[in-house]
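Enquirer:
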Amino acid sequence: MADAHQKQSTRARGRAIMLQGTASDVGKSVVTTALCRIFKQDGYKVAPFKSQNMALNSYVTPDGKEIGRAQGVQAEACGIMATTDMNPVLIKPMQDMQSQVVVHGKPYLNMSARNYRTDFLPTAKEIVTAAVERLKADYDLVVMEGAGSPAEINLKHNDIVNMNMAAWAEAPVILVADIDRGGVFASIVGTLELLEPAERDRVTGFIINKFRGDVELLRPGLDWLEERTGKPVLGVLPYADDLDIEAEDSVQLAQWKGRVDPENDIDIAVMALPRISNFTDIDPLNAEHDVRVRYVRRLDELGDPDIIILPGTKSTIADLEWLQASGLAAGIEQIRSRRAQLGKKTWVAGICGGYQMLGRSLADPHGVETEAGTKVAGLGLLPLRTTFTLEKRTEQVAGTVVSLHHKWGSMRGIAVQGYEIHMGTSHVDEDGGIEQRRGLLELSNLNVSEMEQGEALLDGTLSEDGYVFGTYLHGIFHNDAFRRQWLNMVRESKGIEPLPLMLHYQEQREQAFDRLADLARAHLDMERIYSIIS
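Start counting the sequence shown at 1214; every next residue gets the next number (the numbering used here).
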């Protein structure tokens, strides 16, 4: 528990502190998550905030709105429900230099970077300042996160996410730098030099992240930095790649190695789509000890997987065309055919955009993703046809497995929960069997009261043989019973004994937040950070 005087000093009025970085991917999100958890552990009512986030890995709030996943995860670390005030502006890159701009959880416009800066940003101050002020009114502490670097000269004029935002929120700034990429002292001093005097004064100290080795060997550099800048080093965080904290950006997948374990019984190949979104759907599978997850970008990487997963994507048609042009689409069918001749079963799963790709056709009559009127062929593994619509569905949902397929009998009745984010509807063709038309899941919207609940909706479908399934439900593998039983079905098809449920993923997430907080406490000067806040 924090000292009484510390807690009292923030109770009088909600305070804010901001983490900014010398560059992108220096670890701002993880450090922000760590501080959120520490402040919660110390008895504060704390909330995260990032005024503008660019990410395809999104999160659905309890009221059915869409925000950046990092802020949703940070809210979990704070022990609170996420709201759109925590990320009022979300930018979701699309193709052709366009992005979907989401304001307070709902699509606003598709805009180019130029139009975003000239038409939207000049009006955005009111949106983001109102959001942070509401948080400050409701919480003791608001832990704010910047984006990229505050020293990007070409972007500073219309900045709503770094130094301008810090000034509007009256937040002191801690600058985070990544020593693993090299040049850490130059990046810190250079960043300060490019700031205006008032901005430089707002920086209260530095956190050096991703350090490998003996910190005492770094001490002369730390002493020089403090003497050169007149600002303290508030801690040196060690390099840690096993934190089990969800990544915000798909850039992390470029360094993905997966777990190499000769005892892994199930090999999973995930298609690393260029516009992959909500890739954290796969994280629980990688946490299972009888599974190896690989992200595949080229045909020669496909190998001989037991399971092939097509994840979500922001641009389904464009990524489907990439899958076909890369040879991976044909490779998937070739592997299924070759394995079948050897008596092996190949399981295929598609989530959201991946589910749409598994069907027979995709139509875009309104130009949601492509030129209006576009219609393309899918992979044809499910008797499904998808039509893109102008309305975006964002809901938290829950339900059960209801498939009538005999192969899925052991799954029937298993409870599931997750969220949906998509602009399209999918329907099973009339020539699909009763087992396929019945669907995979029966889901109800969690965002409305029981009085308002209508008839539950059917979601997803299966192939005739039961080895291919698709669903719009993000987070389906976060459901422990579903994940374990499905993996056991795969094990049994390989002639391997099933395993009991051992991984409780949500409990593991909570433990990961606490481990992260412990690591940060051990290496940060928390007393000084509390002093900065108060």
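Beta carbons: idealized from backbone N, C-alpha and C, even for Gly. On a predicted model such as this, the values are computed, not experimentally measured, just so you know.
Any chance you could list the alpha helix (DSSP H) runs of at least 4 consecutive residues sitting entirely within the segment 1255-1314, in chain order?
Expert: The segment 1255-1314 contains these whole alpha helix (DSSP H) runs: 1282-1291.
Enquirer: Could you name the residues that DSSP lists as bridge partners for Ile1746?
Expert: What you label residue 1746 is simply residue 533 of the sequence shown in a count that begins at 1. Ile1746 pairs with nothing; no bridge assigned.
Enquirer: For Ser1237, report the span of its beta strand (DSSP E) as first-last.
Expert: The residue labelled residue 1237 in the question sits at position 24 within the sequence shown. Run containing Ser1237: none; DSSP gives neither H nor E here.
Enquirer: Select from Ile1522, Glu1633, Thr1526 and Ser1676 the residue whose C-alpha is nearest the C-alpha of Leu1597.
Expert: For this step, residue 1597 is matched to residue 384 along the sequence shown. When only C-alpha atoms are compared, the closest one is Ser1676.
Enquirer: I'd like to know whether the C-beta atoms of Asn1422 and Val1239 end up nearer to each other than 8 angstroms.
Expert: Numbered from 1 along the sequence shown, position 209 holds the residue referred to as residue 1422. Numbered from 1 along the sequence shown, position 26 holds the residue referred to as residue 1239. In contact: Asn1422 and Val1239 (Cβ atoms closer than 8 angstroms).
Enquirer: Assuming contact is defined by CB atoms lying nearer than 8 angstroms, are Asp1478 and Ile1251 in contact in what I supplied?
Expert: On the sequence shown, position 265 is the one that residue 1478 refers to. On the sequence shown, position 38 is the one that residue 1251 refers to. In this structure, Ile1251 does not lie closer than 8 angstroms to Asp1478 by Cβ.
Enquirer: Using the three-state DSSP reduction, which class does Lys1423 fall into: helix, strand or coil?
Expert: Within the sequence shown, numbered from 1, the residue matching residue 1423 stands at position 210. In this structure, Lys1423 counts as strand in the three-state DSSP scheme.
Enquirer: Rounded to a whole number of angstroms, what is the C-alpha to C-alpha distance between Arg1394 and Ser1623?
Expert: By 1-based counting over the sequence shown, the position of residue 1394 is 181. By 1-based counting over the sequence shown, the position of residue 1623 is 410. Taking the straight line from one Cα to the other gives about 49 angstroms.
Enquirer: Going straight from the alpha carbon of Phe1398 to that of Gly1556, what length do you get?
Expert: The residue you call residue 1398 lines up with position 185 of the sequence shown. The residue you call residue 1556 lines up with position 343 of the sequence shown. Using only the alpha carbons, I get a separation of about 59 angstroms.
Enquirer: Inspect the beta-carbon positions of Asn1300 and Gln1311 and report whether they are closer than 8 angstroms.
Expert: Walking along the sequence shown from the start, residue 1300 turns up at place 87. Walking along the sequence shown from the start, residue 1311 turns up at place 98. Taking 8 angstroms as the Cβ cut-off, Asn1300 and Gln1311 do not qualify as a contacting pair.
Enquirer: Does Met1376 come out as helix, strand or coil in the three-state DSSP assignment?
Expert: Walking along the sequence shown from the start, residue 1376 turns up at place 163. Met1376: helix per DSSP, three-state reduction.
Enquirer: Could you tell me which residues DSSP puts in a beta bridge with His1635?
Expert: Locating residue 1635 in the sequence shown gives position 422, where the first residue counts as 1. In DSSP, His1635 forms a bridge with Arg1606.
Enquirer: Which residue comes first and which comes last in the beta strand (DSSP E) that contains Lys1319?
Expert: Within the sequence shown, the letter at position 106 stands for residue 1319. Lys1319 -> beta strand (DSSP E) spans Lys1319 to Ser1325.
Enquirer: Hey, could you find the ends of the beta strand (DSSP E) Pro1451 is sitting in?
Expert: Stepping through the sequence shown from its first residue, residue 1451 is reached at position 238. Per DSSP, Pro1451 belongs to the beta strand (DSSP E) from Val1446 to Pro1451.
Enquirer: Taking all protein chains shown into account, do 16 or more other C-beta atoms lie within 10 angstroms of the C-beta of Asn1491, making it buried, or fewer, making it exposed?
Expert: To locate residue 1491, count along the sequence shown from 1; it is residue 278. Label assigned to Asn1491: buried.
Enquirer: Within this structure, are the beta carbons of Ile1530 and Val1589 separated by less than 8 angstroms?
Expert: The residue labelled residue 1530 in the question sits at position 317 within the sequence shown. The residue labelled residue 1589 in the question sits at position 376 within the sequence shown. Yes, these two residues count as a Cβ contact at 8 angstroms.
Enquirer: I'd like the list of long-range same chain contacts for Ser1744, defined as Cβ closer than 7 angstroms, with 5 residues on each side in sequence excluded.
Expert: Against the sequence shown, residue 1744 aligns to sequence position 531. Closer than 7 angstroms at the Cβ level, and outside the excluded window around Ser1744, lies no residue.
Enquirer: Starting from Ile1545, trace the alpha helix (DSSP H) in both directions and tell me its first and last residue.
Expert: Against the sequence shown, residue 1545 aligns to sequence position 332. Start and end: Leu1541 to Gln1554.
Enquirer: Please say whether Thr1638 and Thr1674 have beta carbons closer to each other than 8 angstroms?
Expert: As a first step, residue 1674 must be located in the sequence shown, where it is residue number 461. As a first step, residue 1638 must be located in the sequence shown, where it is residue number 425. Taking 8 angstroms as the Cβ cut-off, Thr1674 and Thr1638 do not qualify as a contacting pair.
Enquirer: Quick one: residues in its chain with C-beta nearer than 6 angstroms to the C-beta of Thr1404, no 5 flanking neighbours on either side, listed in chain order?
Expert: Position 191 of the sequence shown, counted from the start, is the residue given in the question as residue 1404. Closer than 6 angstroms at the Cβ level, and outside the excluded window around Thr1404, lie Thr1235 and Ala1364.
Enquirer: May I ask you to report which of helix, strand or coil DSSP gives Ile1392?
Expert: In the sequence shown, counting from the first residue as 1, residue 1392 sits at position 179. Looking at Ile1392 - three-state DSSP - the assignment turns out to be coil, as it is neither helix nor strand.
Enquirer: Helix, strand or coil for Lys1369 per DSSP?
Expert: The residue labelled residue 1369 in the question sits at position 156 within the sequence shown. If DSSP states are grouped into helix, strand and coil, Lys1369 belongs with the helices.
Enquirer: By alpha-carbon positions, which one of Ser1237, Gln1313, Met1570 and Gly1580 ends up nearest to Leu1594?
Expert: Taking the first residue of the sequence shown as position 1, residue 1594 is located at position 381. The option with the nearest alpha carbon to Leu1594 is Met1570.
Enquirer: Does the structure place the segment 1277-1293 close enough to the segment 1360-1377 that three or more beta carbon pairs sit under 8 angstroms?
Expert: Result no; under three Cβ-Cβ pairs closer than 8 angstroms.
Enquirer: Phe1682 bridges to which residues according to DSSP?
Expert: Position 469 of the sequence shown, counted from the start, is the residue given in the question as residue 1682. Beta-bridge pairing links Phe1682 to Ala1562 and Leu1675.
Enquirer: Does the segment 1533-1551 come within contact of the segment 1611-1618, defined as at least 3 CB pairs closer than 8 angstroms?
Expert: Cβ pair count under 8 angstroms is below three, so no.
Enquirer: Is it the case that the Cβ atoms of Lys1558 and Tyr1632 are separated by a distance below 8 angstroms?
Expert: Indexing the sequence shown from 1 puts residue 1558 at position 345. Indexing the sequence shown from 1 puts residue 1632 at position 419. Cβ distance not < 8 angstroms, so Lys1558 and Tyr1632 don't count as in contact.
Enquirer: Taking the C-alpha atoms as reference points, what is the distance between Cys1291 and Leu1592?
Expert: Position 78 of the sequence shown, counted from the first residue, corresponds to residue 1291. Position 379 of the sequence shown, counted from the first residue, corresponds to residue 1592. About 42 angstroms.
Enquirer: Please go through the same chain and pick out, in chain order, the residues whose beta-carbon is closer than 7 angstroms to the beta-carbon of Glu1459, but skip the five residues on each side of it.
Expert: Here residue 1459 is taken as the residue at index 246 of the sequence shown, counted from 1. Contacts found: Arg1282, Val1286, Thr1493 and Asp1496.
Enquirer: Taking the continuous beta strand (DSSP E) assigned at Val1581, which residues delimit it?
Expert: For this step, residue 1581 is matched to residue 368 along the sequence shown. Careful: Val1581 lies outside any beta strand (DSSP E) and carries neither H nor E.
Enquirer: Based on the DSSP secondary-structure assignment, which residues constitute the bridge partners of Asp1480?
Expert: For this step, residue 1480 is matched to residue 267 along the sequence shown. Per DSSP, Arg1505.
Enquirer: Assuming Ala1247 and Ala1730 make a contact with CB atoms under 8 angstroms, what is their CB distance in whole Å?
Expert: Locating residue 1247 in the sequence shown gives position 34, counting from the first residue. Locating residue 1730 in the sequence shown gives position 517, counting from the first residue. Contact flag correct, Cβ pair sits at about 6 angstroms.
Enquirer: Grab me the residues of Arg1734's own chain with a C-beta within less than 7 angstroms of its C-beta, minus the 5 sequence neighbours each way, in chain order.
Expert: In the sequence shown, counting from the first residue as 1, residue 1734 sits at position 521. Here the set comprises Ile1251.
Enquirer: Given Met1307, which residues of its chain have a CB within under 8 angstroms of its CB, disregarding the five upstream and five downstream residues?
Expert: Looking up residue 1307 in the sequence shown gives position 94. For Met1307, where only same-chain residues beyond five positions count, the Cβ hits under 8 angstroms are Gln1313, Asn1323, Arg1488, Lys1527, Ser1528 and Glu1582.
Enquirer: Please state whether DSSP places His1618 in a helix, a strand or coil.
Expert: Working through the sequence shown from its first residue, we reach residue 1618 at position 405. His1618 falls in the coil class under three-state DSSP.
Enquirer: Could you pull the start and end residues of the alpha helix (DSSP H) that Ile1340 belongs to?
Expert: Sequence index remark: in the sequence shown, residue 1340 carries index 127 (1-based). Leu1334 to Asp1351 is the span of the alpha helix (DSSP H), which, as asked, contains Ile1340.
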